[in-house]
Structures are given as structure tokens and as C-alpha cells.
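Data first, discussion second: the structure below is written as C-alpha cells.
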């Protein structure tokens with residue numbers, strides 16, 4: 048009788064502990080993604096041509112939480128002087144707890160597709176660059192994906 052009671056008690060404890068652990072893990076992972084800060088670290092004009100220019104954008108992802116963030120992806124729109132100039136993306140960014148990761152992306156901007164104010168700002172080397180997008184990361188041991196919006200702005204130079 049006592050042995051049967053122990054088996055039932057252990058079974059009930061296991062049934063309760065596993066969901067509690069999974070719920071905690073899910074919310075801790077989501078909190079880590081939500082607290083991630085995105086900033087534009089640097090902007091470099093690689094080449095200014097007659098019809099286009101190449102910009103290299105260095106983006107910093109900072110993880111202030113105590114949990115690893117793995118395989119973070121980001122898709123974003125790029126704006127110069129509040130005018131849309133293109134899209135960018137980054138994939139498989141991993142960030143250790145309480146640290147940061149810097150990733151870069153190169154964007155070619157064709158002058159024919161943007162406003163005259165943007166072209167003038169690029170040629171003079173004086174403009175504000177902004178990115179607005181969505182970062183997505185895996186949670187619950189990679190079984191689910193959670194997304195969060197972000198924005199970052201930096202003046203050039």
C-alpha cells in the first residue's frame with residue numbers, strides 16, 4: 048500500500064514539474080528576446096558611384112538577460128532622411144548572456160529609386176540612417192519562434 052502511494056506521488060510530481068519547467072523556460076526565453084537592444088554601431092560608405100552607392104551597416108545586438116539567445120534573425124527596412132531606400136537582413140546571430148554581438152550587412156542604394164534629398168545627403172556625407180524591422184528567435188528549446196519589432200537610428204558621419 049505504501050509502495051503504491053509512493054509511485055502515485057512520484058508520478059503526480061513528475062506530471063506537475065515538467066509543465067512548470069517548460070512554462071518557466073518559455074517565459075525566460077521570451078523575456079530574453081524582449082529585452083534585447085538593437086543599435087546601429089557604425090555606417091560606412093564603401094563606394095559612391097554615378098548611379099548607386101554601397102553602405103555597410105554595423106548592427107549591435109545586446110542581450111542584458113542571463114539566458115543565451117541563439118539563431119536570432121532580423122529583417123528590416125532601411126531609411127535615409129526618412130525615405131525608404133531598401134531592405135536588409137541578418138541571420139543566425141547568437142548572443143551569450145549579458146553580452147553583445149556585432150553583425151554587418153551591405154546595402155546597395157540606387158539613386159534612381161530614392162528621393163533627391165537622399166542622394167544629396169549621401170553625396171555630402173551627412174544623413175540620418177534608420178532601420179525598422181522584426182527580430183525573431185527560437186524559444187522553448189527551438190520548438191517555437193517569437194518575434195519582436197525594433198528600431199534604431201544613427202547620424203552619418
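Numbering (my numbering), first residue to last: 48 to 204. We treat Cβ as the ideally placed atom computed from N, Cα and C, and that holds for glycine. These numbers were taken from a predicted model, which means no experiment stands behind them.
Which residue spans inside the segment 125-204 form an unbroken beta strand (DSSP E) run of at least 3?
130-142, 146-157, 174-186, 191-203
Quick check: residue 60 and residue 153, are their CB atoms within less than 8 angstroms of each other?
no
Can the beta-carbon of residue 206 be found closer than 8 angstroms to that of residue 95?
The first residue shown for the chain is 48 and the last is 204, placing residue 206 beyond what the model contains.
Are the Cβ atoms of residue 89 and residue 155 separated by less than 8 angstroms?
no
Cα separation between residue 160 and residue 132?
7 angstroms
Report back the beta-carbon spacing between residue 146 and residue 112 to the nearest angstrom; my notes put them in contact at under 8 angstroms.
Going by Cβ atoms, the distance from residue 146 to residue 112 rounds to 10 angstroms, so no, they are not a contact pair.
Near residue 65, which residues of its chain fall below 6 angstroms by C-beta distance, leaving aside the five closest residues on each side in sequence?
none
Consult DSSP for residue 115 and reduce its assignment to one of helix, strand or coil.
coil
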